[in-house]
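**Q**
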Amino acid sequence: MKSAFLGLLLIFSLRLFADDHQNPLISNVDARTTINLDGVWNTIVDPYETGLSSRFFENTKPKSKSDLVEYDFDHSPKLRVPGDWNSQRESLLFYEGPMWYQRYFSYQKREHTRMFLYFGAANYLARVWLNGKKLGEHVGGYTPFNFEVIDQVAEGENSLVVEVDNTRRDAGVPSIHTDWWNYGGLTRSVQLIEVPETFIEDYSLQLSRTDPNELAGSVQVNGAKAGSTVWIHIPTLGVKQSATTDASGRATFHFPAKPELWSSDKPKLYRVIVSADNDTVTDEIGFRTIETHGTQILLNGKPIFLRGICLHEEAPFRGGRAFSEEDDRTLLTWAKDLGANFVRLAHYPHNEAMIRLADQMGLLVWDEVPVYWEMDFKNPATLENAKAQLRDVIARDHNRAAVALWSLSNETPISPERNAFLKSLTEYARQLDDTRLITSASDKAEHSDDEHAALHDPLGEYLDVIGLNEYVGWYGKYRPEDADKMQWEFAYAKPVIVSEFGAGAAYGLHGDTDTRFTEEYQANLYRHQIAMLQRIPSLAGMTPWILMDFRSPRRTLVGIQDYYNRKGVISDRGQRKQAFYVLQKFYREKAAKGTASDPAP
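Quick note on numbering: the working numbering labels position 345 of the sequence shown as 361, and the sequence is numbered without any gaps.
(1) According to DSSP, is methionine 377 part of a helix, a strand, or is it coil?
(2) Between asparagine 174 and the rest of its own chain, which residues show a CB-CB distance below 8 Å, the 5 nearest in sequence each way excluded?
(3) List the endpoints of the continuous alpha helix (DSSP H) containing tryptophan 350.
(4) May I ask you to list the residues that DSSP assigns as paired with serine 122?
(5) Would you tell me roughly how many angstroms separate the C-alpha atoms of glutamate 65 and asparagine 435, rounded to the nearest one?
(6) Using DSSP bridges, identify the partner residues of alanine 142.
(7) Can you find at least 3 beta carbon pairs, one from the region 387–406 and one from the region 186–203, that sit closer than 8 Å?
(8) Suppose contacts are defined by Cβ-Cβ distances below 9 Å. Is threonine 442 in contact with isoleucine 454 by that definition?
(9) What three-state label does DSSP hand asparagine 426 in the structure shown?
(10) Compute the distance between the beta-carbons of arginine 204 and phenylalanine 135, then report whether it is under 9 Å.
(11) How would you label lysine 593, buried or exposed, when you count the other beta carbons within 10 angstroms and need 16 or more for buried?
(12) Alpha carbon to alpha carbon, how far is lysine 606 from leucine 133?
(13) Roughly how many angstroms separate the alpha carbons of lysine 609 and arginine 567, rounded to a whole number?
(14) To the nearest angstrom, how far is the alpha carbon of lysine 282 from that of leucine 549?
(15) Between which residues of its own chain and tyrosine 494 is the CB-CB distance below 6 Å, once the five residues before and five after are set aside?
(16) On the three-state DSSP scale, how would you describe histidine 37?
(17) Output the distance between the C-alpha atoms of proline 40 and proline 553, rounded to the nearest integer angstrom.
(18) Considering only the beta carbon of each residue, do asparagine 426 and proline 386 sit closer than 9 Å?
(19) Grab me the residues of leucine 380's own chain with a C-beta within less than 7 Å of its C-beta, minus the 5 sequence neighbours each way, in chain order.
(20) With distances taken Cα to Cα, identify the nearest neighbour of lysine 274 among Gly254, Leu438, Ile289.
(21) Out of His193, Asp262, Trp382, point me to the one whose CA is closest to threonine 183's CA.
(22) Given glutamine 38, which residues of its chain have a CB within under 7 Å of its CB, disregarding the five upstream and five downstream residues?
(23) Thinking serine 458 and glycine 483 are a contact (beta carbons under 8 Å), I'd like their distance in whole angstroms, please.
(24) Of the choices Asp167, Tyr117, Leu599, whose alpha-carbon is the least far from that of glycine 200?
(25) Which residues bound the alpha helix (DSSP H) around tyrosine 597?
(26) Which residue comes first and which comes last in the beta strand (DSSP E) that contains arginine 543?
(27) Quick check on the DSSP output: what are the complete beta strand (DSSP E) runs of length 3 or more inside the region 487–516, in order along the chain?
(28) How would you call leucine 424, buried or exposed, if buried means at least 16 neighbouring beta carbons within 10 angstroms?
(29) Please list the segments of the alpha helix (DSSP H) lying wholly inside the region 544–590, counting only runs of 4 or more residues, in order along the chain.
(30) On the criterion of 16 or more Cβ atoms from any shown chain inside 10 Å, does alanine 242 qualify as buried, or is it exposed?
(31) Considering only C-alpha positions, which residue in the set Pro93, Ser220, Pro332 is nearest to arginine 105?
(32) Quick one: Cα of valine 297 to Cα of lysine 501, how far?
(33) Between tyrosine 508 and the rest of its own chain, which residues show a CB-CB distance below 7 Å, the 5 nearest in sequence each way excluded?
(34) Does the Cβ of proline 621 have 16 or more other Cβ atoms within 10 Å, making it buried, or fewer, making it exposed?
(35) With C-beta atoms as the reference, is glutamine 538 less than 9 Å away from valine 585?
(36) On the DSSP bridge assignment, give the partners of histidine 193 in chain order.
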């Protein structure tokens with residue numbers, strides 16, 4: 017049995033892959049005193065990359081009519097933050113390259129206070145200046161980062177300049193080739209965070225790995241002296257416990273408690289108050305166990321079938337990168353309507369609010385980093401980049417009960433270099449968090465004949481759960497009906513999640529079940545796929561591809577795709593296709609046969 021009881025996370029000693037000045041990464045920023053910098057920003061498109069040499073970051077103003085300054089933020093076009101630039105301005109739909117953002121803010125300094133500038137995400141490379149002084153850089157488009165700015169911020173008006181460059185890179189994570197829109201910009205919120213001189217940097221509170229009637233965890237206090245007192249208070253459990261910091265500012269603790277366990281039908285969250293010196297942070301945390309036993313996944317010690325669906329961070333109706341509470345709630349409500357108890361958030365870390373909403377709604381989460389398709393697996397910098405993004409998302413999401421699996425890659429080609437890369441990433445994930453299950457999605461199945469398929473990906477040796485992407489009936493020579501005879505074999509006796517299957521369909525396009533891109537073809541494929549997958553003895557869950565149609569430059573079929581991947585069971589306008597109801601019917605029947613940990617929707 018591979019146990020992954022939620023327990024103490026030892027994540028504080030590892031640093032971000034970026035400029036050192038952005039450390040420490042502050043957790044749970046919405047529980048802090050913040051100044052929101054969202055809204056309208058001034059922008060300059062920089063396709064020839066002249067901004068650095070022209071020193072845009074200085075935001076220089078001509079002092080006389082004879083001064084030569086060849087840029088002007090104050091009269092430049094505007095963009096909304098958070099948001100991507102591609103969907104906000106038609107001329108930028110396909111733009112990839114540098115974009116310069118600028119805005120002003122006012123600030124009055126207070127004694128005994130520190131200030132951090134926090135970005136929820138910026139895709140892909142971000143360089144940041146405050147009042148002309150460079151704060152640092154960050155690589156990676158989907159994870160948070162921050163910089164301490166108390167020494168750079170001025171009394172009164174300040175000028176903040178950010179260069180964001182979404183140019184795809186061979187050594188990037190992801191690399192050059194993807195199958196989603198490369199939305200550029202400040203895609204998540206930007207905030208100033210005020211904290212005391214000594215403040216709570218991060219914390220972990222989970223069920224003890226050794227005793228289910230005990231809670232354990234740690235608190236990292238930035239600036240604390242050894243022997244400082246930290247308090248953990250859970251009012252509804254009658255818990256108020258203290259611990260003391262060591263020389264590094266870290267306090268560990270464990271104490272008896274019998275919380276109601278978080279589950280998909282009763283996603284119980286407890287108000288947790290963490291205090292140290294003059295700082296207090298409040299969170300909502302759930303407690304549960306997740307583990308494997310043979311080919312089963314166990315939630316709170318009971319087998320659960322993961323009735324899932326994949327989704328991209330794409331905004332319903334308006335398009336572009338999803339970022340609002342309304343976006344998140346719409347997508348997850350559709351998943352619940354489908355009968356899902358599980359979502360695969362592909363192919364990169366989605367925003368923190370989405371994870372927290374899944375916590376509240378009782379949806380288990382597959383949390384993924386964008387190690388995708390062809391990568392520069394020989395490059396040590398690429399591995400360090402992938403590790404940094406994994407580190408960032410684990411640091412952000414480690415207190416969320418909903419997060420059940422860390423996924424480390426998707427459809428990567430097998431090679432010795434790739435195998436070594438992903439083995440290293442798997443080992444690193446367990447160093448950061450050995451309390452959750454590790455998985456990866458592989459599409460490297462081999463067909464010995466028309467009735468037998470096998471997945472022998474060597475990465476499976478290091479995973480807790482095998483992820484299989486297969487498209488019998490859509491790609492390749494097979495028709496949907498060929499799934500009826502297909503038998504699957506797996507090299508490792510571990511739980512299997514079929515992490516992708518599906519077919520494209522344009523909403524409202526009708527025909528017979530042999531006509532591609534019709535709703536009938538898609539629905540027919542789903543029926544045959546469901547029948548095939550139920551014959552896999554080790555099947556522990558499935559996440560068909562995908563909840564909603566999403567933009568992709570690869571999908572060029574005029575009148576059908578129009579730069580959208582049409583494999584959604586719901587259109588980008590919220591219209592449910594026939595396949596939605598096929599899958600919903602199966603999930604409802606499956607849930608009705610489930611256990612207490614796998615309730616009917």
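Note that CB positions come from ideal geometry on N, CA and C, so glycine has one too.
**A** On the basis of the data shown:
(1) Helix, per DSSP.
(2) Tyr120, Phe121, Ser122, Tyr123, Leu146, Asn147, listed in sequence order.
(3) Unbroken alpha helix (DSSP H) run through tryptophan 350: 341–354.
(4) In the DSSP output, where bridge partners are listed per residue, serine 122 has Glu173.
(5) So the alpha carbons of these two residues sit roughly 37 Å apart.
(6) His154, Val180, per the DSSP bridge assignment.
(7) Touching, per the Cβ criterion.
(8) It is a contact, given that the beta carbons lie within the stated cut-off.
(9) If DSSP states are grouped into helix, strand and coil, asparagine 426 belongs with the strands.
(10) Cβ atoms of arginine 204 and phenylalanine 135: closer than 9 Å.
(11) Of the other Cβ atoms in all chains shown, 16 or more fall within 10 Å of the Cβ of lysine 593; this residue is therefore buried.
(12) CA-CA distance, lysine 606 to leucine 133, rounds to 47 Å.
(13) Those two C-alpha atoms are separated by around 37 Å.
(14) Approximately 28 Å between the Cα atoms of the pair.
(15) Counting only Cβ-Cβ distances below 6 Å, and skipping sequence neighbours, we find Val488.
(16) With a pLDDT of only 40 at histidine 37, under 50, the local geometry of the prediction cannot be trusted, and no value is derived from it.
(17) So the two alpha carbons sit approximately 46 Å from each other.
(18) Yes, the pair counts as a contact, with Cβ atoms nearer than the cut-off.
(19) Result list for leucine 380: Ser280, Leu322, Asn357, Phe358, Ala418, Ala420, in chain order.
(20) Looking at Gly254, Leu438, Ile289, the one whose alpha-carbon comes closest to that of lysine 274 is Gly254.
(21) With distances taken between Cα atoms, threonine 183 lies closest to His193.
(22) Low local confidence applies: a pLDDT of 47 at glutamine 38 is under 50, so the model's placement there is unreliable, with the coordinate-based value given in what follows. Counting only Cβ-Cβ distances below 7 Å, and skipping sequence neighbours, we find Leu32, Gly152, His154, Phe161, Asn162, Phe163.
(23) Right, the Cβ-Cβ distance comes to about 6 Å (below 8 Å), so this counts as a contact.
(24) Across the set Asp167, Tyr117, Leu599, the C-alpha of Tyr117 shows the shortest separation from the C-alpha of glycine 200.
(25) Note, tyrosine 597: alpha helix (DSSP H), 594–608.
(26) Careful: arginine 543 lies outside any beta strand (DSSP E), inside the alpha helix (DSSP H) at 535–549.
(27) Runs found: 503–506, 512–516.
(28) Answer is buried; the Cβ neighbour count reaches 16.
(29) Whole alpha helix (DSSP H) segments, 4+ residues: zero.
(30) It is exposed - the Cβ of alanine 242 has fewer than 16 other Cβ atoms within 10 Å.
(31) Of the candidates Pro93, Ser220, Pro332, the one whose C-alpha sits nearest the C-alpha of arginine 105 is Pro93.
(32) The C-alpha of valine 297 lies about 56 Å from the C-alpha of lysine 501.
(33) Gly476, Glu477, Ile482, listed in sequence order.
(34) One cannot answer for residue 621 here, as it falls past the ends of the chain, which runs 17 to 617.
(35) Glutamine 538 places its beta carbon less than 9 Å from that of valine 585.
(36) Under DSSP, no beta-bridge partner is assigned to histidine 193.
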